[in-house]
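Since the structure comes first, as structure tokens, the remarks are kept for the end.
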Amino acid sequence: MNVSGYIGNFTAEIRRKARYVDPEACTACAECAQVCPVVKPDEYQMGLSSRKAIYIPYPQAVPSSYILNMEDCLGTNPIACGKCAEVCEPDCINYDDRDIIVKRDVGAVIVAIGADVYDPTEMDEYGYTRFDNVITSMEFERLICAGGPTLGHFVRPSDHERPKRIGFIQCVGSRNPSIGRPYCSNICCMNTIKDTLLLADHYPDVECTVFYQDIRAFGKSFEDMFQRSKEAGTRYIRGIPGDIEEDTETGNLTLIAENTTSGKIERHEFDMVILSVGVGPPKDLAKISSLLTLSKTSDGFFMESHPKLKPVDAPTRGVFFSGFCESPKDIKDSVCQAGAAASRAGALLNAGQVHIEAITSVIDADACKKCGVCASVCPYGAITWKKGEVAVVIDAACAGCGNCGAACKFDAITMRHFTDAQYMAQIRAILAEDPQDKVFVFACNWCSYSGADMAGISRMQYPASNRIVRTMCSARVSEDMVLEAFRCGAPVVLVSGCHYADCHYITANRQTVQRVQRLWNKLEKAGVRPERLQLEWISAAEGQKFAKVMAQMEELRKTVTEEEIEYTIEALKPKPRKPKKEKEAAAVAG
Amino acid sequence: MATMENFKCMLCGHEYQELVEEGEDKERSCPKCRSNSIRHLKKRASQGDSDDKGKKTE
Ligand SMILES: Cc1cc2nc3c(=O)[nH]c(=O)nc-3n(C[C@H](O)[C@H](O)[C@H](O)COP(=O)(O)OP(=O)(O)OC[C@H]3O[C@@H](n4cnc5c(N)ncnc54)[C@H](O)[C@@H]3O)c2cc1C
Ligand code: SF4
Ligand code: SF4
Ligand SMILES: [Zn+2]
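For the record, the sequence lines run as chains A and B.
Each residue of the first sequence is one higher than the one before, starting from 0 at the first, in numbering that gives the first Met the number 0.
Each residue of the second sequence is one higher than the one before, starting from 0 at the first, in numbering that gives the first Met the number 0.
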């Protein structure tokens, strides 16, 4: 329900839902369910069978005891039915049970909220809502399962006959930008291959046909499974059906698809069609994101701290990801990630203390004007602020991006080891001589600075006019730092950082974009050509891009005249601030 | 809701329009020269001189 605190010191509030049945006393005799008059679709069986208002959610549930779903019950206040309590011999039903909020102090949090399976209702072209014998792969899982509604006897919904010709349609709700799901769901190809093998094993006379865009069978032994599926007689047709027709008498279905290998439009008749549905971000993602200051990648799943180097860490320290919620993956990868997340959390808890880099933000309480801007831009929620109060940095949560330092307009923030004074001194020293010959570059530590390194070690040629100053994040570059470079005579200033997906500080570089936008407006207003300020995203692997950008900057530099530089120096001179008393007097007079 | 907005590449000068979804989080690059120096022109027009109020718009 709520999580507060920071790495090593979280407090989680958890709602323990009322069960209305004492799990210790319940013997799972099922007497209660037998007398319960309420019949509801069984969610676990995908609605293919029913359950009572008092039930065991699924056969493997732990503890193996009944629960009462109060939303389904006929009513307990006053008691409208009460039959279950009447027949329960151990007397374990308590209608007065209530949800309990428990508080736990925890050092680390693992987010493992899974993913949501795609609901194909909106894709009318496959007739999921119109035709009984069109089912999803999730429903198929239940129908073929020995613990399922048909006890593993595979029958089709319309007539309870065993289907012989089965068509699978891949990528339903995946790789489809038009419905906002451009990504591959990762699991559906192998799930279908597994299903065709299951069917071939259980019913050798079944004929399976799979319509696909690409078969993604890249894991260990996956190609072997794919080949076995083909050997078992499954036909694979490259092409996704565009339409489906039902024979109303037989309930059979005809799929119409372009076979992209032959280029022909084909019609195939089936007894049953299975939509191989993908997965999407879990419904609670936004809620959990706001509790733990997390963000998401463009596909809507949780964003990890770094896609290669910290794949199970959340950007918020002390928070880790496991499984589907970070990206679609199979059980093996989910288990690997769960193990890694548990190890990362275990190492943290065992260490007993957290080492942080000495580059965190420090707020000068005397200089702070209590505006709260720093707290609003910190991607980690590492700054706490209340209206009318001085902002406070939680050292353990601060990652040292410097975004707050760049945002504070009152010089109230010092970034340890990356102070404003240090940067100003670097800018002035670099541009002290022949500034007109130099391209001034701000490069972020993780990507663009490493991109420069990559260009260097790859012996790439680029003009020698650039002078680079390293910042931890491009968001550390304040408006004043850029303006100071221009004031010192820089013909061109380049701000560079990580690509959006690679930002090492969650989403800090989005603030860089906003700052550069504002600077373009400011420069233009001051009569300075805004094009002289440039922005580029350069990754650590993009040595070539770095070299190309440096050549472009040099070309741009050559267009800047001595007169422009002189004008800029004058135009951007800071205006002397009116002393407070003078301002007040002017206000009274005005 | 998506709106059509104006952008200008600050490297090659190319001006273009693009649909912008509400709350979208997208890395921009010039369709002509791939530069990331993309100026959002609509913002400038609609916000007037809000540029001077950097601290308010952070
Ligand atoms: C149709 C289909 C077929 C598949 N077949 C295969 C297969 O054959 N082989 C294979 O390896 N993989 C398969 N997978 C993938 C497999 O299901 C996943 O890899 C696996 O379930 C991921 O585990 P998880 O723990 O991350 O998520 P889940 O198994 O989804 O578990 C997440 C849990 O979190 C709970 N939860 C959600 N929100 C909250 C919240 N706010 N608070 C508390 N709890 C919450 C959910 O109720 C759920 O119990 C298949 C997936 C699908 C959709
Ligand atoms: S931005 Fe600066 S002045 Fe405003 S609250 Fe933060 S530290 Fe204080
Ligand atoms: S440096 Fe970055 S992480 Fe640290 S408080 Fe400032 S904005 Fe937050
Ligand atoms: Zn361009």
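Positions of the beta carbon are idealized from the N, C-alpha and C atoms, including for glycine.
Small disclaimer: the values here were computed from a predicted structure and weren't measured.
Item to check | Chain-ordered residues, beta carbon under 6 Å from a heavy atom of ligand 4 | outcome: Chain-ordered list of matching residues: B:C8, B:L10, B:C11, B:H13, B:C29, B:K31, B:C32, B:S34.
Next on the checklist: Buried or exposed for P378 of chain A, going by 16 or more other Cβ atoms inside 10 Å?
Outcome noted: As a position in the first sequence, residue 378 of chain A is number 379, starting the count at 1. By the neighbour-count rule (16 or more Cβ atoms within 10 Å), P378 of chain A is buried.
Item to check | Residues of the stretch 525 to 543 of chain A whose Cβ lies closer than 8 Å to any Cβ of chain B, in chain order | outcome: Listed by position along the chain: P529, E530, L532, Q533, L534, E535, W536.
Checklist entry - How about K193 of chain A: is its Cβ closer than 7 Å to a heavy atom in ligand 1? => result On the first sequence, residue 193 of chain A is found 194 positions in, with the first residue counted as 1. Flag set: Cβ of K193 of chain A near ligand 1.
Item to check | G338 of chain A beta carbon near ligand 1 (any heavy atom closer than 7 Å) | outcome: By 1-based counting over the first sequence, the position of residue 338 of chain A is 339. No, Cβ of G338 of chain A sits at least 7 Å from all heavy atoms of ligand 1.
Checklist entry - What residues are listed by DSSP as bridge partners for H354 of chain A? => result Looking up residue 354 of chain A in the first sequence gives position 355. BP columns for H354 of chain A are empty, so no partner.
Checklist entry - Using the C-alpha atoms, what's the distance from R237 of chain A back to V392 of chain A? => result Within the first sequence, the letter at position 393 stands for residue 392 of chain A. Within the first sequence, the letter at position 238 stands for residue 237 of chain A. Just so you know, the alpha carbons of V392 of chain A and R237 of chain A end up roughly 56 Å apart.
Checklist entry - Which chain B residues sit within Cβ distance under 9 Å of R509 of chain A? => result What you label residue 509 of chain A is simply residue 510 of the first sequence in a count that begins at 1. Chain-ordered, the chain B residues with CB closer than 9 Å to the CB of R509 of chain A read D24.
Checklist entry - How do the stretch 360 to 372 of chain A and the stretch 397 to 408 of chain A stand: do at least 3 beta-carbon pairs fall below 8 Å, yes or no? => result Yes, since at least three Cβ pairs between the stretch 360 to 372 of chain A and the stretch 397 to 408 of chain A fall closer than 8 Å, the two stretches touch.
Checklist entry - Using CA coordinates, which residue listed in A:E562, A:A107, A:W384, A:E265 is at the minimum distance from V353 of chain A? => result Indexing the first sequence from 1 puts residue 353 of chain A at position 354. Checked all of A:E562, A:A107, A:W384, A:E265; the closest Cα to V353 of chain A is A:A107.
Checklist entry - Of the choices A:S538, A:V492, A:V361, A:P490, whose alpha-carbon is the least far from that of Y448 of chain A? => result Against the first sequence, residue 448 of chain A aligns to sequence position 449. If we check each option's Cα against that of Y448 of chain A, A:S538 comes out closest.
Next on the checklist: Below 8 Å on the Cβ atoms is my contact criterion, and I expect S2 of chain A with L291 of chain A to pass it. Report the Cβ-Cβ distance as a whole number of Å.
Outcome noted: On the first sequence, position 3 is the one that residue 2 of chain A refers to. On the first sequence, position 292 is the one that residue 291 of chain A refers to. Per the sequence shown, residue 2 of chain A should be read as Val rather than Ser. Going by Cβ atoms, the distance from V2 of chain A to L291 of chain A rounds to 6 Å, so yes, they are a contact pair.
Item to check | Local conformation of S3 of chain A per DSSP, three classes | outcome: Here residue 3 of chain A corresponds to residue number 4 of the first sequence, with the count starting at 1. In the structure shown, S3 of chain A sits in a strand (DSSP, three-state: E or B).
Checklist entry - Looking at chain B, which residues of the stretch 486 to 499 of chain A have a Cβ within less than 7 Å of any of its Cβ atoms? => result When CB distances to chain B are screened at a threshold of 7 Å, the residues of the stretch 486 to 499 of chain A falling below it are H498, Y499, in chain order.
Next on the checklist: Give me the residue from A:C443, A:F485, A:A27, A:I239 with the minimum Cα distance to L254 of chain A.
Outcome noted: Residue mapping note: residue 254 of chain A aligns to position 255 of the first sequence, counting from 1. Measuring from the Cα of L254 of chain A, the nearest candidate turns out to be A:I239.
Checklist entry - What are the boundary residues of the alpha helix (DSSP H) that I553 of chain A is part of? => result For the purposes of this step, residue 553 of chain A is taken as the residue at position 554 of the first sequence. The sequence shown places Glu at residue 553 of chain A, not Ile. Per DSSP, E553 of chain A is one residue of the alpha helix (DSSP H) stretching across 542 to 557.
Next on the checklist: Out of A:R469, A:M423, A:M471, which one is the CA nearest neighbour of R486 of chain A?
Outcome noted: Indexing the first sequence from 1 puts residue 486 of chain A at position 487. Closest by alpha carbon: A:M423.
Next on the checklist: Which residues does DSSP list as the beta-bridge partners of K39 of chain A?
Outcome noted: Looking up residue 39 of chain A in the first sequence gives position 40. DSSP lists A:R50 as partners of K39 of chain A.
Checklist entry - Do we get a CB-CB distance below 8 Å when we pair N5 of chain B with the residues of chain A? => result Here residue 5 of chain B refers to the residue found at position 6 when the second sequence is read from its first residue. No, N5 of chain B does not count as interfacial toward chain A.
Checklist entry - Which residue comes first and which comes last in the beta strand (DSSP E) that contains F153 of chain A? => result The sequence position of residue 153 of chain A within the first sequence is 154, counting from 1. In the DSSP assignment, F153 of chain A falls outside any beta strand (DSSP E), carrying neither H nor E.
Checklist entry - Whole alpha helix (DSSP H) runs in the stretch 250 to 311 of chain A with 4 or more residues, listed along the chain? => result You should have 284 to 291.
Checklist entry - Contact check, C35 of chain A vs A52 of chain A under 8 Å by CB: the rounded distance? => result Position 36 of the first sequence, counting from 1, holds the residue named residue 35 of chain A. Position 53 of the first sequence, counting from 1, holds the residue named residue 52 of chain A. Contact flag correct, Cβ pair sits at about 5 Å.
Item to check | Minimum C-alpha distance to D98 of chain A - residue among A:D104, A:A350, A:N68, A:R18 | outcome: Residue 98 of chain A sits at position 99 when you count from the first residue of the first sequence. Closest in C-alpha terms to D98 of chain A, from the list A:D104, A:A350, A:N68, A:R18, comes A:R18.
Checklist entry - Taking all protein chains shown into account, do 16 or more other C-beta atoms lie within 10 angstroms of the C-beta of L67 of chain A, making it buried, or fewer, making it exposed? => result Numbered from its first residue, the first sequence carries residue 67 of chain A at position 68. Sixteen is the threshold: when 16 or more other Cβ atoms of the shown chains lie within 10 Å of the Cβ of L67 of chain A, as they do, the residue is buried.
Item to check | Near-chain B residues of the stretch 443 to 461 of chain A - C-beta to any C-beta below 7 Å | outcome: Residues passing the 7 Å Cβ filter: none.
Next on the checklist: Rounded to the nearest angstrom, what separates D51 of chain B and E478 of chain A at their Cα positions?
Outcome noted: For the purposes of this step, residue 51 of chain B is identified with residue 52 of the second sequence, where counting begins at 1. For the purposes of this step, residue 478 of chain A is identified with residue 479 of the first sequence, where counting begins at 1. Unreliable placement is indicated for D51 of chain B, whose pLDDT of 37 sits below 50; the coordinate value is still reported in the next sentence. One C-alpha to the other measures close to 11 Å.
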